[in-house]
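**Student:** In case it helps, our numbering puts the sequence shown at residues 919 to 1160.
Backbone N, C-alpha and C fix where the C-beta goes; we use that ideal spot for every residue, glycine too.
My questions will all concern the structure given below.
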Amino acid sequence: MAWHDGTVTAPLTPPHQPGPHDPWQAPPSGSHLVHSPGAPDDPDTATELRQAAVVAALVAVSGIALGLLWLWLAPRVPLVSDDTAVFLKNSEGEEAIGADGTFVLLAIGFGVLSAALVFWRLRRGGVLVVVGLALGALLASLIAWRVGIWLGPSSDVVGRAREAGQGVTFDAPLELHTVWVAVLAWPFAAMGIHLLLTAAFGPRDVEPDWSYYQGPVQGPLAGPGSGSGASPSSPAGGGGPG
């Protein structure tokens, strides 16, 4: 619309003010931002804490299975005794470090499996679920270590040498020489695999929907027709110029 006096035509909107459809214009007076709520299936803090506790408990219990597999698959270290001392039967054998390697490989496999299961069941789980997975994996590694030692050959080497007799081969106790390296293999593997799965297949963050809400006009500018949607430029008498 423009105002015309017969000789000069001027726009009704001043050039220094943005148009009504300018995307960069400031929000209307009296309006405020309204943020749409998040996804309805996102867990709250209490639910996430319960999920993290369940994950930590189940993963920790699975450490028993790791301990049994380690006891079954780890190579045995043969010992032999004479009248004075106990010796390695094969001084150049690699059975001693084989027990550590077996534990680490099994722990990495359990870490991959536990991370995949947690991601499959709790894809929308937050940071607390990941922390529960890491703590459960650490406890599971410690439990597996102690189960293997407890159910393995006795640590009383002298007593077992006397029972076996001179020149008879018997197994050395099952042990880890690099305890913390082996124990941390499961947590690190679980965290890494869970991070990769989340980055590749995890839910994407939805952009927040910000919209302007303009309430009823208040103050001295509010006219009698402000609530009925009447335009302030409508003629009061209802008739146009002849």
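How far does the beta strand (DSSP E) with S999 in it reach, from first residue to last?
**Tutor:** Start and end: P996 to S999.
**Student:** Please classify S1032 as buried or exposed, where buried requires at least 16 other C-beta atoms within 10 Å of its C-beta.
**Tutor:** Buried, since its Cβ has 16 or more Cβ neighbours within 10 Å.
**Student:** Count the CB pairs spanning the segment 973 to 985 and the segment 1051 to 1071 that are closer than 8 Å, and state whether there are at least three.
**Tutor:** As far as the Cβ criterion goes, the segment 973 to 985 touches the segment 1051 to 1071, which means the pair count is three or higher.
**Student:** For my contact list, S1059 and W1104 are in at a C-beta cut-off of 8 Å; report their separation, rounded to the angstrom.
**Tutor:** The Cβ separation is near 5 Å, so the contact holds.
**Student:** Report buried or exposed for A1003, applying the criterion of at least 16 other Cβ atoms within 10 angstroms of its Cβ.
**Tutor:** Answer is exposed; the Cβ neighbour count stays below 16.
**Student:** Taking only three categories from DSSP, how would you classify V1065?
**Tutor:** If DSSP states are grouped into helix, strand and coil, V1065 belongs with the helices.
**Student:** Which residue wins for smallest C-alpha separation from F1119, given the options A1025, L1046 and R1041?
**Tutor:** When only C-alpha atoms are compared, the closest one is R1041.
**Student:** Looking at the structure shown, is L1094 part of a helix, part of a strand, or coil, going by DSSP?
**Tutor:** L1094: coil per DSSP, three-state reduction.
**Student:** By the three-class DSSP mapping on this structure, what secondary structure does V1004 have?
**Tutor:** Strand at V1004.
**Student:** So for D1089, helix, strand or coil by DSSP?
**Tutor:** DSSP places D1089 in strand when its eight states are reduced to three.
**Student:** Rounded to a whole number of angstroms, what is the C-alpha to C-alpha distance between A964 and G1110?
**Tutor:** If you take the alpha carbons of A964 and G1110, they lie about 26 Å apart.
**Student:** What residue from W1098, P1121, A1108 and G1083 has the CA that sits closest to V998's CA?
**Tutor:** Checking every option, the nearest Cα to that of V998 belongs to G1083.
**Student:** The alpha helix (DSSP H) that contains Q969, what's its start and end?
**Tutor:** Looking at the DSSP string, the run of the alpha helix (DSSP H) that includes Q969 is T963 to V979.
**Student:** By how many angstroms is the C-alpha of G1054 removed from the C-alpha of G1019?
**Tutor:** Approximately 21 Å between the Cα atoms of the pair.
**Student:** Leaving out the 5 sequence neighbours to the left and right, which residues in its chain are closer than 6 Å to A1079 when beta-carbon positions are compared?
**Tutor:** If we look at A1079 and ignore the five residues flanking it on each side, its Cβ neighbours are S999 and V1004.
**Student:** Go ahead and label L1051 buried or exposed: buried means 16 or more other beta carbons lie within 10 angstroms of its beta carbon, across all protein chains shown.
**Tutor:** Its Cβ being crowded by 16 or more others within 10 Å, L1051 is buried.
**Student:** Just the Cα atoms here: how many angstroms apart are A1017 and P993?
**Tutor:** Whole-angstrom Cα-Cα distance: 6 Å.
**Student:** State the start and end residues of the unbroken alpha helix (DSSP H) segment that holds L1114.
**Tutor:** Note, L1114: alpha helix (DSSP H), A1103 to F1119.
**Student:** To the nearest angstrom, report how far apart R968 and V1101 are at their CA atoms.
**Tutor:** Taking the straight line joining both Cα atoms gives about 25 Å.
**Student:** Cutting at 7 Å between CB atoms, please list the residues of its own chain near L1092, excluding the five before and the five after it.
**Tutor:** Once the five neighbours on either side are set aside, the close Cβ partners of L1092 are L989, A992, A1017, G1066, I1067, G1070 and P1071.
**Student:** Measure how close the beta-carbons of A975 and A1025 come, nearest whole angstrom, since I'm counting them as under 8 Å.
**Tutor:** Not a contact, Cβ separation roughly 18 Å.
**Student:** Measure from the alpha carbon of A971 to the alpha carbon of each residue in L1057, K1007 and T1116, then state which is nearest.
**Tutor:** Nearest option by C-alpha distance: L1057.
**Student:** Are the CB atoms of L1023 and E966 nearer to each other than 7 Å?
**Tutor:** No, Cβ-Cβ distance for L1023 and E966 is not below 7 Å.
**Student:** Quick one: Cα of G1077 to Cα of G1027, how far?
**Tutor:** Their Cα atoms are separated by approximately 36 Å.
**Student:** Do you know offhand how far L1035's Cα is from T1096's?
**Tutor:** Roughly 28 Å between the two C-alpha positions.
**Student:** By DSSP, does S1072 sit in helix, in strand, or in coil?
**Tutor:** In the structure shown, S1072 sits in coil (DSSP, three-state: anything other than H, G, I, E or B).
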